[in-house]
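Report on the structure given below.
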Amino acid sequence: MRKLTTTLACAAILTLGALPAAAQAPSTLRIGLQEDPDVLDPHKARTFVGRIVFTGLCDKLLDLTPDLKIVPQLATEWSFSPDGLTLTMKLRTDARFHDGDTFDSAGAKANLERARTLPDSLRKSELASIDSIEAPDASTLVLKLKRPDATLLAQLTDRAGMMLAPKSLAGDVGAKPVCSGPYKFVERVQNDRIVLEKFKEHWDAANYHFDRVLYRSIPDTTVRLANLRSGELDMLERLAATDVKSAQSDKSLKVEPMPNLGYQGITVNVANGEGASQPIAKDKRIRQALSLSIDRKVLTQVVFDGLYAPVVQPFPPTSPYVSAAFPVPERDVAKAKALLKAAGHEKVSVEVFITNNPVHAQIGQVIQAMAQEAGIDLQLRSTELASQLRDQQQGKFQTSRVGWSGRADPDGNLHQFVTTKGAQNDGRYSNAEVDRLLDQARTIYDPAERKKLYDAAQAILQDELPLIYLYNETVFFALRSNISGFRISPDGMIRLAGIKRS
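In the numbering used here, the protein residues as written are 288 to 789.
Following this line, the structure appears as structure tokens:
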């Protein structure tokens, strides 16, 4: 009997060893996210973590390299006409959507038409220069423009350039996105996980080494890091600045830093529905007082161990578009009080919307204490990110702590947030001269000439303060030491090509 048992056990081992690769346990890359993404529809989405998921799910017409050069993805080459009013793109002929249909110019046209015409599309202002779209043959896409657009190629490296299967556009795209990227959608459990599976027919499938990708939403930074240390996660985005030294000293982990392209700040509801009835909406002097009450250097030191940079502009400190005319001011409580008094208030109450994670709670508490000394009573209102964004769009807020991961082109950090028709202008700020300056900047290719227009717009915005800028983040990614091939990029995206587990 013992001999028979041993023989059977050996046979079982041999049988397992002989199983084809498809029958082996699938390899899964597990990524920890700071928030739960919003809707998985690239034409409606607005979150940073959503963009991370889309990077594995949806190919774009163009992409960015780590040094922010625009390179091919689904478009292989492109050129503008001499007058700058026609963009012609040649497309890949070997790409497929996840439903098996071939990617072609008709599919690209359908996506761009949806992105620029869907009533609740957040890509409208990004594609506003497009007048018409033509698909003269399967591999040629022609965009006819209303005016030259120096920002258009950069827009097509992000959600505006993402390609969904045309047959899926009539349904609920966000519930089960059918895209074109290296991984296809499997399931989503709200506030928990998103699961993607390798799309074997992808044109670059050989460079993607995991069978599945699991994105876990873990808002608590301590819990997220604990999951990484225990091996429950392979990597996480936005390691808390206060955990950087500890993670760097852990031999089982490695930390990859990268200054990002965006900003963190407070947006003010000046004209959007019920939330715009408060004094801070009606008088810029109260907004100026709030800004002056904040010591940005102390804020970044206390909350982020001094690893983030104080800012008062929408561009990162290293950007050539930063204006020397607007340095980070010193905190001035006396001037803040004087501004309040000039506005007719000894004290004023202001509600601030924050996301319910420990870091944002600490930011709110530090700013709350600073503002209190100037006579501004900040009331903190906390909820999950999806509800915060929904209420912002509906005008159900007075002010809101916001973050923007930034874009390679400076237009992406400014135009859609402060122009009258900007798709993410939640506070409904409107100034005709700002609109004119920023619209004109889109038509200018010369950086020095564009900067003059941004400087002029900033002179107005720094006075009216529809958005109070606070700091620029350095994004820290933490990975298990056995994960290799990750190439960090200033846009903060996790590009899955080449990532392996040893």
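For every residue, glycine included, the Cβ atom is placed at its ideal position computed from N, Cα and C.
For residue j and residue i, believed in contact at Cβ under 8 Å, the rounded distance
i, j, result
"A452", "D386", "5 Å"
"K538", "S768", "7 Å"
"R511", "L523", "5 Å"
"I641", "G651", "5 Å"
"G690", "G549", "7 Å"
"V555", "L748", "About 12 Å separates the two Cβ atoms, so there is no contact after all."
"Y595", "P697", "The Cβ separation is near 20 Å, so there is no contact."
"I237", "L432", "Since the first residue of the chain shown is 288 and the last is 789, residue 237 is not available in this structure."
"F763", "V542", "6 Å"
"N759", "P603", "5 Å"
"K571", "D750", "7 Å"
"T508", "V646", "6 Å"
"L540", "A765", "6 Å"
Proximity winner among the options, relative to residue i (alpha-carbon distances)
i, options, result
"L665", "A784, I775, V639, L351", "V639"
"M545", "Q703, L432, H489, R525", "R525"
"Q321", "W365, I339, H330", "I339"
"P435", "L378, A492, S366", "S366"
"A563", "Q588, M780, R729, D678", "D678"
"V557", "N547, V542, Q681", "Q681"
"R723", "A425, T706, F591", "T706"
"F613", "D582, V531, D742", "D742"
"L520", "L372, S533, M376, S504", "S504"
"I553", "V476, P601, T508", "P601"
"L372", "T686, V721, I420", "I420"
"T670", "A648, D713, F472, A658", "A648"
"A611", "A513, Y758, Q745", "Q745"
"D325", "G560, D479, R715", "D479"
"I781", "V465, V476, C345", "C345"
"A332", "P464, A422, L430", "P464"
"T605", "A527, L540, L676, T761", "T761"
"Q655", "S674, F390, V635", "V635"
"V637", "A513, A629, A395, L667", "L667"
Cut-off 7 Å between Cβ atoms - residues of its own chain near residue i, not counting five sequence neighbours on either side
i, result
"G447", "A small correction: the amino acid at residue 447 is Ala; Gly does not occupy that position in the sequence shown. Excluding sequence neighbours, A447 sits near A402, R410, E413, L414."
"E474", "V482"
"K584", "P597"
"V460", "D328, L451"
"A576", "A623, L626, L627, A661, I663"
"L355", "A695, P777"
"K739", "none"
"M657", "S580, I581, D582"
Segment limits, alpha helix (DSSP H) that includes residue i
i, result
"F591", "583-591"
"V336", "335-344"
"R737", "734-751"
"D722", "719-729"
"V510", "508-517"
"Q649", "645-659"
"E322", "Run containing E322: none; DSSP gives neither H nor E here."
"K487", "That residue, K487, is in no alpha helix (DSSP H); it is neither H nor E in DSSP."
"R668", "No alpha helix (DSSP H) holds R668; the beta strand (DSSP E) holding it covers 663-670."
"E400", "392-404"
"A576", "571-580"
Neighbourhood of residue i by C-beta, 8 Å cutoff - its chain only, sequence neighbours within 5 removed
i, result
"V620", "L579, S580, E660, A661"
"I357", "L349, D350, L351, L440, A441, T444, A695"
"D381", "W490"
"L783", "L316, T342, G343, P469, Y470, Y495, F497, V500"
"T427", "T375, M376, K377, L378, S392"
"R737", "A437, Y608, P697, A728, I731"
Boundaries of the beta strand (DSSP E) in which residue i is found, first to last residue
i, result
"A422", "417-424"
"S366", "362-367"
"S504", "499-504"
"L520", "Note, L520: premise wrong, no beta strand (DSSP E); not H, not E."
"F640", "635-642"
"L439", "First-last for L439: 439-442, but that is the alpha helix (DSSP H), not the beta strand (DSSP E)."
"K849", "Residue 849 falls outside the range modelled here, since the chain spans only 288 to 789, and no answer is possible."
"T427", "427-432"
Identity of the residues DSSP links to residue i by a beta bridge
i, result
"G690", "Q551"
"Y756", "G552"
"F763", "P544"
"R475", "I481"
"P359", "L349"
"K628", "According to DSSP, K628 bridges with nothing at all."
"Y595", "Answer is none; Y595 lacks a bridge partner."
"R618", "None; R618 has no bridge partner."
"T315", "R499"
"I770", "R788"
"Y470", "K485"
Neighbourhood of residue i by C-beta distance below 6 Å, restricted to the same chain and skipping five residues each side
i, result
"Y732", "A437"
"S776", "P353"
"S687", "T554, F640, Q679"
"F268", "Shown here, the chain extends from 288 to 789; a query on residue 268 therefore has no answer."
"A710", "L409, K411, S412, Q703"
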